[in-house]
Amino acid sequence: MFSARHAANIGVDGTTLRRLVKDGDCHPLHRGWYAVDRPRDPREHHRRRTAALLQEYAGQVVASHGSAVVQLGLPTEAIDFGTVHLMWVDPKKPYQAFSRTRIHETVLEPGLPLQDRTVHPALAVVQAGQTDPRALVVAADAGMRAGMIEQADLVTACSASKGQRGMTRVRAALGLCDPRHESPGESLTAFVLHALAYEFEPQFPPGTNGPGGKPQYADFRISGTCVLVEFDGESKYSAADPEQAQALLFAEKRREDRIRALGWEVVRLTWADLYRPDLVRAKIEAAIARGRSRPKAG
Numbered sequence: 009m010f011s012a013r014h015a016a017n018i019g020v021d022g023t024t025l026r027r028l029v030k031d032g033d034c035h036p037l038h039r040g041w042y043a044v045d046r047p048r049d050p051r052e053h054h055r056r057r058t059a060a061l062l063q064e065y066a067g068q069v070v071a072s073h074g075s076a077v078v079q080l081g082l083p084t085e086a087i088d089f090g091t092v093h094l095m096w097v098d099p100k101k102p103y104q105a106f107s108r109t110r111i112h113e114t115v116l117e118p119g120l121p122l123q124d125r126t127v128h129p130a131l132a133v134v135q136a137g138q139t140d141p142r143a144l145v146v147a148a149d150a151g152m153r154a155g156m157i158e159q160a161d162l163v164t165a166c167s168a169s170k171g172q173r174g175m176t177r178v179r180a181a182l183g184l185c186d187p188r189h190e191s192p193g194e195s196l197t198a199f200v201l202h203a204l205a206y207e208f209e210p211q212f213p214p215g216t217n218g219p220g221g222k223p224q225y226a227d228f229r230i231s232g233t234c235v236l237v238e239f240d241g242e243s244k245y246s247a248a249d250p251e252q253a254q255a256l257l258f259a260e261k262r263r264e265d266r267i268r269a270l271g272w273e274v275v276r277l278t279w280a281d282l283y284r285p286d287l288v289r290a291k292i293e294a295a296i297a298r299g300r301s302r303p304k305a306g
């Protein structure tokens, strides 16, 4: 990553830069900033563009909102990669907006110290949640699992952000943040189940054991029913070795057969399902109806 000014210092003028861009030998990130290789996806482009702006403002700003979530390596569900969000370090600086860049007023909170290049992780996920609460739940769960965020930090971040637009939705979603959600898919599943007004219990033991006799857990139980909900991410089955992937699928089928034999109904949800709440409800209600004719589990 380099700036046009740096390029000029070593004899690469604007005409040469434009030719390099046209030939695909360097790639624009932001006005006056370039990368020597093409970012592999929009998230990576956003990460590099944010890094470029952090260099341009050299100690005057840190990444905030969704841009801080990206820089911290947290999941980026519902993050807008089109706009870089920064925050002034100096509390006297006013809000500025230009060229798909927002520089926000300083949020000072002793319990949430600034990091080297970003706001505190708890403040970052709360800020991201102001635009879309799904961003809060998914990123906060991952941050808590990684030991970057405590539940109390989220409460403090909400207090520090009092009065800002979107905080009503953030406070409503705060109770959904739970490190027991073991993946972004599970976090989003919890968000959807809550939006559909289901009460649920995460990491529920249906009474089966795995290798070594250790208890196994379902992602969620719909409270008061014999219905378990499992998020089915593709990554655990997309192993490089086809035999390994086949073995995982077979083991999962045997596990589910044991669970069903105990009287449970299992609803499996994919990423695509989570964007169709009507379909999620239909699947769960059908499972509840089937379960009424079976012996009560648990």
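So the sequence shown is numbered by my numbering: it starts at 9 and just counts up by one.
Heads up, the beta-carbon is just placed ideally off N, CA and C, and yes, glycines get one too.
For N217, the residue or residues it bridges with in DSSP: P223
Closest by C-alpha distance to S75, when choosing among C166, H53, G67 and E64: H53
3-residue-minimum beta strand (DSSP E) runs that sit fully inside the region 33-70, ordered along the chain: 35-38 and 41-43, all fully within the region 33-70.
Delimiting residues of the alpha helix (DSSP H) encompassing I18: Looking at the DSSP string, I18 is not in any alpha helix (DSSP H), and its letter there is neither H nor E.
Secondary structure of H128, DSSP reduced to three states: coil
Cβ distance (whole Å) where L37 is taken to contact A60 below 8 Å: About 5 Å separates the CB atoms of L37 and A60; that is less than 8 Å, so the two are in contact.
Nonlocal neighbours in the same chain, by C-beta distance under 6 Å from D140, ignoring five residues either side: A86
Reduced DSSP category for Y245 - H, G, I as helix; E, B as strand; rest coil: At Y245, the pLDDT of 49 sits below 50, so the modelled position is not reliable; the number obtained from the coordinates is stated separately. If DSSP states are grouped into helix, strand and coil, Y245 belongs with coil.
N-terminal and C-terminal residue of the beta strand (DSSP E) that A105 is part of: Q104 to F106
Own chain partners of D149 with C-beta closer than 7 Å, once the 5 adjacent residues on each side are dropped: C185, D186, P187, H189 and S195
Beta-carbon gap between A154 and S72 smaller than 8 Å: Taking 8 Å as the Cβ cut-off, A154 and S72 do not qualify as a contacting pair.
Contact under 8 Å by Cβ, V200 with V288: yes
Rounded Cβ spacing between L122 and A165 (contact assumed at less than 8 Å): The Cβ separation is near 13 Å, so there is no contact.
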